[in-house]
C-alpha cells in the first residue's frame, strides 16, 4: 500500500525518473539495510535489463572496495540472492553482552532500545547479525521499560555536553521529596552523570537557594522537564564540590539523600549480598553466624536497603542511624494498628 501511495506522489515520481542514478542508490541502500535480492527480482522491480543491473552491481562493488573495504557484495548460490557481507568491528558475543545489559536495565523506551540495537548490530558481521536478531526477537517483543521518556538519549547527550563545557542549566524538576515545588526553577552546574538500577542520574552543584549540607545534589534524568536551558559560558565551582562519580558509586548504589555517615552493620545472611550492594564496604569481623560490615553510606538510601533485608541485618552504629531505624519501625507498625 505504501508503494501505491508513492506512485501518486509527484516528488517521488521525479526522483524515480532520474533513471539509473535513483536505481543504483536505491539498490545500494537496500543492501546496506541488510536486504537481499535476486537478479530476476531486480530486473522486474526496476524495469531494467539484466546488463544494466549487472553494471549497477559492479559499480556498487567498486564503491565498497574503495570506501568500505570490510564489506563485499556477494551472491549466495544456494538461493541466487545477492547481499552485502561485512567483517564485524566487534565480536558477536560482545554485541550480545552489551545488548542484554541494555535490555536488563529497562532504562530506555522500546523505540530507543530498537535504535541502540540497530546501531550495535551494524558493528557485527553478517552471520552474527542474523543470529543475534533471532536471539533477541522474543526478548524485544516482551520488553517492558520502566516509565521513562522517549528522549532519554537526548537528555544524556545534552547534560553530558553541559558537564564537559561546565555550563550551568536552568530547569524544573519533579522530585520525590515531600514538599518539593515542581514549578520552581533550579539553577546549577552539572558535575557528572552515572547509572544505577534502571535510571540515569546527574550530580548538580546548585547555585541558588541551596542547602549547604546537601550540595551538590543528585537528580534523576527522566524527572527533568525537558528541554532545559543552558548558559553559554563556563562556570567554575568550588574544587571541594567536584565529587567524582566513582566515589559516589563506591559510597552506595542507593539514594543520595540524608547525611553521609560511617556505618556498622551486623549481617546474618550471605555476606557478598551486602558487599555487592554497598561498594566500598568491608568485613571487619567474622562471627559464628554473622559478619560485621563497615563502610560509608547516605542515610536515606541506607534505610531503604536496611528494611529490604528484614531480620537479616542489625544496625550497630552510628547512633543517629540506629534511632532512624527504630523510628521508621515504630511508624511502620502504626500503619497496621486498628
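In UniProt numbering, the protein residues as written are 1 to 338.
C-beta atoms are modelled at their ideal positions from N, C-alpha and C, and glycine is treated no differently.
Can you give the Cα-Cα distance for residue i and residue j, rounded to whole angstroms?
i           : j           : result
residue 131 : residue 95  : 11 Å
residue 226 : residue 146 : 18 Å
residue 141 : residue 126 : 22 Å
residue 197 : residue 317 : 27 Å
residue 187 : residue 199 : 22 Å
residue 128 : residue 98  : 14 Å
residue 117 : residue 322 : 46 Å
residue 48  : residue 54  : 10 Å
residue 360 : residue 261 : Summary: the structure shown does not reach residue 360, with the chain confined to residues 1 through 338, and so no result is reported for it.
residue 25  : residue 195 : 41 Å
residue 60  : residue 28  : 7 Å
residue 235 : residue 320 : 37 Å
residue 46  : residue 222 : 47 Å
residue 210 : residue 184 : 13 Å
residue 21  : residue 44  : 17 Å
residue 93  : residue 119 : 16 Å
residue 58  : residue 159 : 46 Å
residue 109 : residue 133 : 19 Å
residue 149 : residue 143 : 15 Å
residue 30  : residue 42  : 11 Å
residue 329 : residue 305 : 14 Å
residue 76  : residue 157 : 41 Å
residue 287 : residue 266 : 9 Å
residue 63  : residue 115 : 26 Å
residue 324 : residue 179 : 20 Å
residue 340 : residue 285 : In the structure as shown, the chain begins at 1 and stops at 338. Residue 340 is therefore absent and cannot be evaluated.
residue 277 : residue 135 : 30 Å
residue 314 : residue 34  : 57 Å
residue 303 : residue 224 : 25 Å
residue 268 : residue 293 : 11 Å
residue 161 : residue 207 : 19 Å
residue 334 : residue 327 : 11 Å
residue 100 : residue 111 : 16 Å
residue 299 : residue 289 : 26 Å
residue 297 : residue 193 : 19 Å
residue 88  : residue 74  : 16 Å
Can you give the beta carbon distance from residue i to residue j, rounded, assuming they're within the 8 Å contact cut?
i           : j           : result
residue 205 : residue 237 : 5 Å
residue 23  : residue 56  : 6 Å
residue 163 : residue 191 : 7 Å
residue 201 : residue 220 : 6 Å
residue 32  : residue 90  : Going by Cβ atoms, the distance from residue 32 to residue 90 rounds to 18 Å, so no, they are not a contact pair.
Can you tell me whether residue i is buried or exposed? The criterion is at least 16 other CB atoms within 10 Å of its CB, across all chains shown.
i           : result
residue 301 : buried
residue 239 : exposed
residue 181 : exposed
residue 295 : buried
residue 336 : exposed
residue 12  : Low confidence applies to residue 12: its pLDDT is 46, below 50, so where it sits in the model is not reliable, and the reading given next is rough at best. The residue in question, residue 12, is exposed, as its Cβ has fewer than 16 Cβ neighbours within 10 Å.
residue 124 : buried
residue 138 : exposed
residue 51  : exposed
residue 121 : buried
residue 189 : buried
residue 332 : exposed
residue 291 : buried
residue 65  : exposed
- Stretch-stretch touch, CB-based, cutoff 8 Å, three pairs: the stretch 268–277 with the stretch 304–316: yes
- Query: Within the chosen definition, does the stretch 159–167 reach the stretch 205–218 through at least 3 CB pairs nearer than 8 Å?
  - Reply: no
- Task: Specify whether the stretch 60–77 and the stretch 102–109 touch according to this definition: at least 3 beta carbon pairs, one from each stretch, less than 8 Å apart.
- Result: no
- Can you give, in chain order, each stretch of the beta strand (DSSP E) that sits fully within the stretch 257–291 and has at least 3 residues? The beta strand (DSSP E) runs of length 3 or more contained entirely in the stretch 257–291 are, from start to end of the chain, 260–267 and 282–286.
- Evaluate contact between the stretch 280–292 and the stretch 226–239, counting only Cβ atoms and requiring at least three cross-stretch pairs below 8 Å. no
- What residue ranges within the stretch 47–94 form continuous beta strand (DSSP E) runs of no fewer than 3 residues, ordered along the chain? 71–76 and 81–86
- Message: Can you confirm whether the stretch 147–156 touches the stretch 168–185 when touching is taken to mean that 3 or more C-beta pairs between the two stretches lie within less than 8 Å?
- Response: no
- Message: Counting beta carbon pairs with one atom in the stretch 28–43 and one in the stretch 80–96, are three or more of them shorter than 8 Å?
- Response: Per the Cβ contact rule, the stretch 80–96 is in contact with the stretch 28–43 (3 or more Cβ pairs under 8 Å).
- Minimum length 4: unbroken alpha helix (DSSP H) runs contained in the stretch 157–223: none
- Message: Give the list of continuous alpha helix (DSSP H) stretches no shorter than 4 residues that lie fully inside the stretch 109–148.
- Response: 110–121 and 126–141
- Message: Could you tell me which whole beta strand (DSSP E) segments of length 3 or greater appear in the stretch 293–320?
- Response: 313–317
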